[in-house]
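Note that our numbering has the sequence shown beginning at 617, numbered continuously upward. Backbone N, C-alpha and C define an ideal beta-carbon position, used for all residues, glycine too. For reference, the structure discussed in these notes is given below.
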Amino acid sequence: MKILLGITGGIAAYKSAALVRALKKRGDEVRVVMTAGATEFITPLTLQVLSENSVGTDLFDPTFESQIGHIDLARWPDVILVAPATANFIARYANGFCDDLLTTVLAASTSPVLIAPAMNTQMLLKERTQRNIETLRMDGVKIIAPDSGELACKEVGAGRLPDSPILLDAVDAIFFAPILEGKKILIAAGPTREFLDPARFLSNPSTGKMGYALAKEALNFGARVTLVSGPSALPKPSGITFISVLTTEDMFIALTQQAPQNDVIVMAAAPADWKAEVQLEQKEAKVEGEKIVRFVRTKDILKHLGEHKSDSSPFLVGFAAESHDLLERGKAKRIRKKCDALIANQIGGKNNAFGSDDNQGFVICEDEVVELERDTKTQIARRIWNILVDKL
Ligand SMILES: Cc1cc2nc3c(=O)[nH]c(=O)nc-3n(C[C@H](O)[C@H](O)[C@H](O)COP(=O)(O)O)c2cc1C
């Protein structure tokens, strides 16, 4: 998810460092905009390092404006979270002020907005603060209720910024109805490697991004997820059962063992189709001239799962990576591999799905075909689940 984090000048601004870390750890993209007040409490540099993006602090900063203009920044996020939100910021935002980068970006954005008010209890309870919060609520802004407890000013009462997990849950709740609650979903992602000797292998450019996105979004939609992954540089998603595999045979074993416990299998992996007939245990020395290696077929995992289907088998979703005639080849593959649904995506050329953050293609089911317009793999994953949920 692409999250724009607005930080305003409250004492709880120091907690935003932990929040950015938590967002990054679960794979979100984060951009930070700070008010001038916020920079008194935590440095933009800290947030720049943690978010791995430059931090906006000044509406009229020509350098930042040339990197990503405030209008592009307003269009960029899936969601805007302002945490902590000061009484002053809430007053300005509720009254339509655009007198700094944060309020200007908010004014220019159509993304959903959440704010987490955090302040001294008396400030929070002041009628005008409550009135401003209510105005924002009526305008469609989601308000994250402040926690109660001991505040930085040593008063005890409402006004504390909730901890990161509560803020993250509030962000997720905006997007995800629990449409997959109660479902157990098994997803295979990434490439496999077939070694010729300990130093050389046959593989493919799959990064696992599509499968990981499907796993994360299934989790967000309430499913219990098991991810079987070939070698991938992506961070291991939290909250799911993770099984790491290396070869196509490993992936085959993991998937066939896990399959009976699941309601859905998504084969988003790109297992190597071939392996060396002989795998050498010792590294072969480099010699001049040609080298001929005999390859044999690895197991066709999707075909096996399709051929061994029964009425009680999981709903089977295959993937087709095709360089041409995407829809026709995808339709034929769905029937050939006996899948309930198949996602056809393009490889090669300018819209190559391999390794890209974006994807496009078709969801092909027996009764309908839905086109997936080009979008981030996260958004594509959400669309796929929204389409498949009716078929499960
Ligand atoms: C030490 C200190 C702590 C503060 N903590 C808060 C706070 O937690 N919440 C709040 O609404 N204002 C707090 N303020 C007041 C804001 O910093 C002040 O209203 C400022 O104008 C906010 O600017 P901004 O909303 O543009 O970030 C604090 C001020 C100081 C000096």
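Straight-line spacing of the CA atoms in residue 868 and residue 915 works out to 7 Å. Ranking 622, 679, 891 and 847 by CA distance to the CA of residue 806 puts 847 first. Contact residues of ligand 1 (beta-carbon closer than 6 Å to any heavy atom; chain order) are 624, 625, 626, 627, 628, 651, 653, 654, 702, 703, 704, 705, 734, 735 and 739. In the three-state DSSP reduction, residue 780 falls in the helix class (H, G or I). With respect to the 7 Å criterion, residue 697 and residue 621 are classified as neighbours on the basis of their beta carbons.
For the pair residue 888 and residue 808, the CB atoms are nearer than the 7 Å cut-off. When DSSP reads this structure, residue 766 sits in a beta bridge with 772. Annotated as proximal: residue 780 and residue 634, with beta-carbon spacing under 7 Å. If you draw a straight line from the Cα of residue 701 to the Cα of residue 987, it comes to about 40 Å. For the region 630 to 669, the full-length beta strand (DSSP E) segments reaching 3 residues or more read 645 to 650 along the chain.
Here DSSP, grouped into helix, strand and coil, assigns residue 895 to coil. For residue 859, same chain residues with a beta-carbon under 8 Å away, outside a window of 5 residues either side, are 842, 843, 844, 845, 870 and 874 in chain order. Just measuring C-alpha positions, the residue of 963, 925, 919 and 921 sitting nearest residue 939 is 963. In the structure shown, the three-state DSSP call for residue 791 is helix. When secondary structure is reduced to three states using DSSP, residue 960 falls in the strand class.
The alpha carbon of residue 694 has as its nearest neighbour, out of 794, 992 and 810, the alpha carbon of 992.
Only residues of its own chain outside the window of five on either side were considered, and among them 618 have a CB closer than 6 Å to the CB of residue 645, listed in chain order. Ranked by Cα distance from residue 770, the options 627, 999, 665 and 880 are led by 627.
Straight-line spacing of the CA atoms in residue 699 and residue 677 works out to 23 Å. Beta-bridge annotation (DSSP): residue 981 is paired with 957. For residue 972, there is no enclosing beta strand (DSSP E), as DSSP gives it neither H nor E. A residue is called buried once 16 or more other Cβ atoms fall within 10 Å of its Cβ, and residue 725 is buried on that count.
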